[in-house]
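Taken in sequence, the protein lines are chains Y and G.
The numbering of the first sequence is my numbering, which starts it at 1 and goes up by one.
The numbering of the second sequence is my numbering, which starts it at 385 and goes up by one.
Idealized CB from N, CA, C, for every residue including glycine.
The model shown is predicted, which means the values in this text are computed figures rather than measured ones.
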Amino acid sequence: MHRSLLVLVLLASAGTVAAEPFVPADDAVVLERLPSAADPELRALRERLERQPDDLRLAVGLARRYLEIGRREGDPRWAGYAQAVLAPWWDRPLPPADVLLLRATLRQNRHDFDRALADLTLVLRMDPRHAQAWLTRALILQVRGDYGAAAESCLAFQRLRPSLLATACIAGVTSLSGGAEPAYRLLARAVGAAPPTTPDRSWALTTLAEIAERLGWTDLAERHYRDALAGERDVYLLAAYADFLLDAGRPGEVMELLDGESRADALLLRRALAARRLGLPEAADLVRDLEDRFAAARLRGERTHLGAESRFTLQLLGRPAAALELALENWRLQREPIDARRVLEAARAAGDAAAARPVLDQLAATRLEDARLEPLARRPEEQP
Amino acid sequence: MTRPYVLLALLVVALPAAAAAHKPSDSYLTLRLDGEAEGRWDIALRDLEHALGLDADHDGAITWGELRARHEAIAAYALARLEVARGKGVCTARTLEQLVDRHSDGAYSVLRFALDCPDDAGPWSVGYRLFFDLDPTHRGLLRIEGAGAAAVLSPERPTFELASPGGDVWRTLREYGREGVWHIWTGFDHLLFLLALLLPAVMRRRGGEWQAVERLPTALGEVARIVTAFTVAHSLTLSVAVLGWVALPTRWVEAAIAATVVLAAANNLRPFLPFRGWLVAFSLGLIHGFGFAGVLVDLGLPGKELAVALFGFNAGVELGQLALVTAFVPLAFLMRETWLYRRAVMGAGSFAVAAIALAWLVERGLGLGFMPF
């Protein structure tokens, strides 16, 4: 009964966003822009796969293409398309290694971390020299806060593929577990030494910027972010830099940075936060859109948005208790500094110091250095 | 050579934080199932492009012209993956028109269709399988207008069943019957009125005095007349009010109800009303029907089953009253000879009822709020 009500409310509000349907005035009116529709290679691949849906190589190739498009456009339905293409092998307990890896990636997308790690373990058992599996494993373990195992996986990856990417992997993990300065120096040197055309340079720069930000070296962090933006501007980078700007009290630049970005909810959230701080009229629309998105995600049973929803609930809806609940639910699944921050901010706003304890314990145990968390971690009595 | 998995690595890391990405694939299906069965289905152009191909000139932009050219194919594709059934018969869908709408994540094709169903009674069921073979994360957001029902259709739960919104007489009867019983049990003013009427039921007026009735059947007959008269009266006015023929202001009605209780109770102490038992119940009971009408309107009335709802509600009220009657009357009959009954129960009791009702009258008439019940 309550689900019914929720769906109804959701659909009603969707109704307000979607006004009345209409007939466009002219045949030439453009309704939607879909760059992937113009891709002849993609079409060719699809046609070939349609003729032979059981062709593993074709399917894996197409699935990878779909994932790439999904990442570029920030559109999760491509992950669904990829999964569909792998349908002949998806439900097997032991699919071919390539499928396993893609399955792990897709599960990881959905924050189904346990199953993703299980898949990766299978891959590595079949092929201990599967570099990609080591890398993916490292990244998932890092999200889970299991830095020891993550570091091992990064090193395994590096042994197989020494590269800027491997260095970034190691530096990232080390910076979160008490070695932020040495990690920065290591990665800065590697980035400096790498020619500008090195693949993943943007990603390495983003990692470097984050390490600098955690060390409180804001000027350096900004330089690295801007360098990264000169390369590939993916959703993660834009979100990270937007957060940097919001922390620095520069919401106007956030609006500029994210102008026209309609891809990801993560970016929608930052735009809403900036708009609210600037007192812009569009803030109300953005808040409403986000409310719909989060409600829809809950309805579909997705749990990938909890951290963002917590931030939204705290900073845009002004409900600390609800935000704390969301942040704690999120913390059960993910343990990155941003997730810790969600709990600490909400706990502080809700006046619930006890709730913050597990997070503070974890931060102490892993010896995380994060300038943004320090003020939140101090006990209220110690506040200036 | 490092490219392929490098991109995947980026994907892996990028998506956790940005995993609250652009909205996943949803379609919006709204059905109206009472009267003419019709539907409206909003399907994202992105999804249609993936399933059917819309961009005829492959320039990365979908125009209205390109969409129009594929309208038939879209309708055929979508409606083939939707099964609406009523009772034992599967309905056929007939396209009415196709338009466009914008949702928060892009443009959608809007398909309006009519449903022709062989069975005109029975529960409805919806079977949905659009895009599940192409995207297991696709969801159909179903809403059934008029019945206030909604559901999320997925590969794991692709069907939805709805009890017929316009034909389940028994369910309506039960629902409104329940409301009727509840309302009389929580309607202290109605209960006190009934009590005031029942107190003298085991007595008879003889020469200006109350005398105990000799035989049980006489008393029961009197009770039956009173209760029936009350029921008939409030049923009449309830129907009249609900149908909109007479509309009385709520405050006035509430105050008037209190007044009837005062009158009935006072009449027990010193009979002044020019008529007896069941006539009192009838004439004063008329007002109570208007009071119930407000409740029913608040509950919301089903369009097609008004009569059933009314009947159900009245029956519920009657049943509720019966409960009071069966609790009270045997006791009263047994005690009717006693001094306790004549003086204390009837006398002081009626006085107390009158006093409470008077307080209600003041409170409701003046729009105050001091009574605890």
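Buried versus exposed call for residue i [16 or more other C-beta atoms within 10 Å across all chains shown]
i      : result
G/K407 : buried
G/W662 : buried
G/F516 : buried
Y/E47  : exposed
G/V565 : buried
Y/E210 : buried
G/H434 : buried
G/P502 : exposed
Y/G249 : exposed
G/W554 : exposed
G/E456 : exposed
Y/V191 : buried
Y/L368 : buried
C-beta neighbour in chain Y for residue i, strict 9 Å
i      : result
G/A405 : Reliability fails at G/A405, whose pLDDT of 35 lies under 50, so the model's placement of it is uncertain and the value that follows must be treated cautiously. With 9 Å as the cut-off, G/A405 counts as an interface residue toward chain Y.
G/V536 : yes
G/G628 : no
G/G700 : no
G/D410 : yes
G/R424 : yes
Within chain G, partners of residue i - CB distance below 7 Å
i      : result
Y/R31  : The identity of residue 31 of chain Y in the sequence shown is Leu, whereas the question assumes Arg. L429, I446, T447, W448, L451, V484 and A491, listed in chain order.
Y/D293 : According to the sequence as given, residue 293 of chain Y is Arg; it is not Asp. Ordered by position in chain G, the residues that pass the 7 Å Cβ test against Y/R293 are K407.
Y/P24  : W448 and V484
Y/A151 : Per Cβ cutoff of 7 Å: no residues; Y/A151 is ~16 Å from chain G at best.
Partners in chain G for residue i, counting only beta-carbon separations shorter than 8 Å
i      : result
Y/Q83  : D519, P520 and T521
Y/G252 : In chain order: nothing, as chain G lies at least about 23 Å away.
Neighbour list for residue i in chain Y, Cβ cutoff strictly below 9 Å
i      : result
G/V646 : Simply none; closest approach about 42 Å.
G/E563 : Correct list: empty, because the minimum Cβ distance to chain Y is about 17 Å.
G/E433 : E32, L34, S36 and A37
G/H442 : A37, A38, D39, P40 and R43
Neighbour flag for residue i against chain G, beta carbons, 9 Å
i      : result
Y/P40  : yes
Y/E20  : yes
Y/E345 : no
Y/R391 : For chain Y, the structure presents residues 1 to 384; residue 391 of chain Y sits outside this window and is missing.
Y/P375 : no
Y/D27  : yes
Y/D265 : yes
Y/R77  : yes
Y/A87  : yes
Y/A296 : yes
Y/E302 : yes
Under 8 Å by beta carbon: chain Y residues contacting residue i
i      : result
G/D504 : Here the premise fails: no neighbours, minimum Cβ distance about 25 Å.
G/D439 : L34, A37 and A38
Interface residues of chain G facing residue i [CB-CB closer than 9 Å]
i      : result
Y/L299 : R523, L525 and V536
Y/A327 : Result: empty, since nearest Cβ-Cβ is about 14 Å, beyond 9 Å.
Y/G80  : P408, S409, F515, L518, D519, P520, T521 and H522
Y/P195 : The contacting residues do not exist; Y/P195 stays about 14 Å from chain G at best.
Neighbouring residues, chain Y, relative to residue i (Cβ below 7 Å)
i      : result
G/D573 : Going along chain Y, no residue has its Cβ under 7 Å from G/D573, so there is no contact; the nearest lies around 32 Å.
G/H567 : Near G/H567 there are no residues of chain Y at all, since even the closest Cβ is about 22 Å away, more than 7 Å.
G/S494 : The sequence given here has Val at residue 494 of chain G, not Ser. Result: P21.
Check: residue i C-beta below 8 Å from any heavy atom of the ligand MG
i      : result
Y/G148 : Although the ligand MG was asked about, the structure shown includes no ligands whatsoever.
*Which ranges would you report for the beta strand (DSSP E) in the region 191-263 of chain Y if only whole runs of at least 3 residues count?*
Listed in chain order, nothing qualifies, since the region 191-263 of chain Y has no complete beta strand (DSSP E) run of 3 or more residues.
Taking any Cβ of chain G, which residues in the region 230-243 of chain Y have a Cβ under 9 Å from it, in chain order?
With the criterion set as a beta carbon lying under 9 Å from some beta carbon of chain G, the members of the region 230-243 of chain Y are E232, D234, V235, Y236, L237, L238, A239 and A240, in sequence order.
Checklist entry - At what residue ranges does the region 507-559 of chain G contain a whole run of the beta strand (DSSP E), taking only runs of 3 or more? => result As for any beta strand (DSSP E) of minimum length 3 sitting wholly inside the region 507-559 of chain G, the runs are 508-512, 523-529, 533-537 and 543-546, ordered along the chain.
- Quick one: which residues of the region 354-368 of chain Y get their C-beta closer than 8 Å to a C-beta of chain G? List them in chain order. So nothing in the stretch comes that close.
Counting only runs of 3+ residues fully inside the region 572-655 of chain G, write out the beta strand (DSSP E) ranges in chain order. Whole beta strand (DSSP E) segments, 3+ residues: 587-590 and 593-596.
| Relative to chain Y, which residues along the region 612-627 of chain G have a C-beta separation below 8 Å, given in chain order? | When C-beta distances to chain Y are compared with 8 Å, every residue of the region 612-627 of chain G stays at or above that value.
task: Select from the region 280-292 of chain Y all residues with a C-beta closer than 7 Å to any C-beta belonging to chain G, and list them in chain order.
output: Flagged, chain order: D289 and D292.
Could you give the uninterrupted runs of the alpha helix (DSSP H) lying entirely in the region 454-514 of chain G, keeping only those of 4 residues or more?
-> Segments of the alpha helix (DSSP H) lying fully in the region 454-514 of chain G: 455-463.
As an exercise, report each continuous alpha helix (DSSP H) stretch of at least 4 residues that is fully enclosed by the region 271-304 of chain Y, in chain order.
The DSSP assignment places complete alpha helix (DSSP H) segments of no fewer than 4 residues inside the region 271-304 of chain Y at 282-299, in order along the chain.
Checklist entry - Can you list the alpha helix (DSSP H) stretches of 4 or more residues lying completely in the region 74-139 of chain Y, in chain order? => result List check, alpha helix (DSSP H) in window: 77-85, 87-90, 97-109 and 113-126.
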